[in-house]
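Novice: Position one of the sequence shown corresponds to residue 338 (the numbering used here), numbered consecutively onward.
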Amino acid sequence: MSMWLQALVWGTVAGAALVLGSALAWNWVIPAKLVSSIMSFGAGVLISALAFELVDEAVQEGGLWPTVTGFLTGSIVYVGANMLLARSGAKHRKRSRGQQPSEQESPGSGTAIAFGALLDGIPESIVLGVGLVTAGSVSPAMLAAVFLSNVPEGLSGTAGMKKAGRSARYVFGLWGGIALLCGLASMIGYATLENASGGVIAFITTVAAGGILAMVADTMIPEAFEEHHNFTGLTASIGFLTAFTIHQVGG
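1) Straight-line CA distance for Gln343 to Leu517?
2) On the three-pair Cβ rule with 8 Å, is the stretch 456-463 touching the stretch 514-534?
3) Can you tell me the Cα-Cα spacing of Ala533 and Thr404, whole angstroms?
4) Quick one: what's got a C-beta closer than 8 Å to Ser374's C-beta in the same chain, skipping five residues either side?
5) Under a three-way DSSP split, which group does Pro460 fall into?
6) Helix, strand or coil for Ser574 per DSSP?
7) Counting pairs of beta carbons, one from the stretch 492-505 and one from the stretch 400-416, are three or more of them closer than 8 Å?
8) Quick check: what's the CA-CA separation for Ser446 versus Val508?
9) Locate the alpha helix (DSSP H) running through Ala369, then write down its first and last residues.
10) Any idea what DSSP makes of Val356, helix, strand or coil?
11) I need the DSSP call for Ser493, collapsed to helix, strand or coil.
12) Below 8 Å on the Cβ atoms is my guess for Ala418 versus Leu456; work out the distance and round it to an integer in Å.
13) State buried or exposed for Thr582, treating a residue as buried only when at least 16 other CB atoms are found within 10 Å of its CB.
14) What are the boundary residues of the alpha helix (DSSP H) that Ser412 is part of?
15) Within the continuous alpha helix (DSSP H) that includes Leu530, where are the two ends?
16) Within this structure, are the beta carbons of Leu355 and Ile558 separated by less than 8 Å?
17) Just tell me which of Gly352, Leu391, Gly510 has its CA closest to the CA of Ala472.
18) Following the continuous alpha helix (DSSP H) through Met552, name the residue where it begins and the one where it ends.
19) Pick from Phe408, Val553, Asn487: whose alpha carbon is nearest that of Leu361?
20) Can you name, in chain order, every residue of its own chain whose Cβ lies under 8 Å from the Cβ of Val382, other than the five neighbours on each side?
21) DSSP on Thr579, reduced to helix/strand/coil?
22) DSSP three-state call for Trp365: helix, strand or coil?
23) Assign Gly445 to one of three DSSP states: helix, strand, or coil.
24) Around the Cβ of Ser359, are there at least 16 other Cβ atoms within 10 angstroms (buried) or fewer (exposed)?
25) Are Thr542 and Ala395 closer than 8 Å when you measure CB to CB?
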């Protein structure tokens, strides 16, 4: 299988976890505390993957300053875009307890939520494609991190959408479309950086990493803490150690 096709496949597989989480939440009532526990576990997994799979390797590949510059750029861009989307009705897109507005309450919020979900998923997918450039194969730890974090995103987001009265066509069309776009983002990440210098790769990798960390802090951790704050830190720590262990075994 060609490398660009591998990037497409792995990005789509990781994005498909959103559809899996969505299907679970649509067909069954998942207890809010369970959703928040999975969310905090996924947050810990992503933070670990950022530290050991992205930022550390970016420094080794391209040096400190491209890494620092890229990380700050990604964080600033994500936070700015997230603020704009929040004003349009996407502030609570990962919330499961009915905080999401309906289309009647906030016209255009459905579109904002769709763009918000896309904003959350694309950086994760890009790094899968970039990983194929730097290592020649997809990172098991990063793939596991993205997949494990996407399941609770689909769970909590769909639970909120269902309570807001959004249709099954909208919900599954949204997550299915994002899964496909995640595959394309991974493929584009590989194709555009295949012959790039180490500094450029480090910069792009950490732009995505900065966006992912901002997403975790702005959307995943608040949802996790709201329902299960007594154990949020412990559950996130377990997620962190799980991803770290996968990194060590896979490395």
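Just so you know, even glycine gets a beta-carbon here, dropped at the ideal spot from N, CA and C.
Specialist: Let me lay it out:
1) When rounded, the separation of the alpha-carbon atoms in Gln343 and Leu517 is 14 Å.
2) Output reads yes: the stretch 514-534 touches the stretch 456-463.
3) Cα to Cα, the separation comes out at about 15 Å.
4) If we look at Ser374 and ignore the five residues flanking it on each side, its Cβ neighbours are Ala561, His565, Phe568, Thr572.
5) Reduced to three states, the DSSP call for Pro460 is helix.
6) Helix at Ser574.
7) No, the stretch 492-505 does not touch the stretch 400-416.
8) The pLDDT assigned to Ser446 is 48, lower than 50, so where the model puts this residue is not dependable; a value taken from the coordinates is nonetheless given after this. Spanning the two alpha carbons is a distance of roughly 13 Å.
9) If you look at Ala369, you'll find it in the alpha helix (DSSP H) that goes 369-386.
10) DSSP places Val356 in helix when its eight states are reduced to three.
11) In the structure shown, Ser493 sits in a helix (DSSP, three-state: H, G or I).
12) The beta carbons of Ala418 and Leu456 sit about 6 Å from each other, so the pair counts as a contact at 8 Å.
13) Exposed, since its Cβ has fewer than 16 Cβ neighbours within 10 Å.
14) In this chain, the alpha helix (DSSP H) harbouring Ser412 covers 401-422.
15) Residues 505-530.
16) Result no, Cβ atoms of Leu355 and Ile558 do not sit closer than 8 Å.
17) For the residues Gly352, Leu391, Gly510, the minimum Cα distance to Ala472 belongs to Leu391.
18) From DSSP, the alpha helix (DSSP H) with Met552 extends over 535-552.
19) Cα-wise, what sits closest to Leu361 is Asn487.
20) Ala481, Ala482, Leu485, Ser486, Gly576, Phe577, Thr579, Ala580.
21) Of the three classes helix, strand and coil, the one that applies to Thr579 here is helix, per DSSP.
22) Trp365 falls in the coil class under three-state DSSP.
23) Any answer about Gly445 is weak, because its pLDDT of 48 lies below 50 and its placement is not dependable; what the coordinates show is given next. Looking at Gly445 - three-state DSSP - the assignment turns out to be coil, as it is neither helix nor strand.
24) Around the beta carbon of Ser359, 16 or more other beta carbons sit within 10 angstroms, so the residue counts as buried.
25) Annotated as proximal: Thr542 and Ala395, with beta-carbon spacing under 8 Å.
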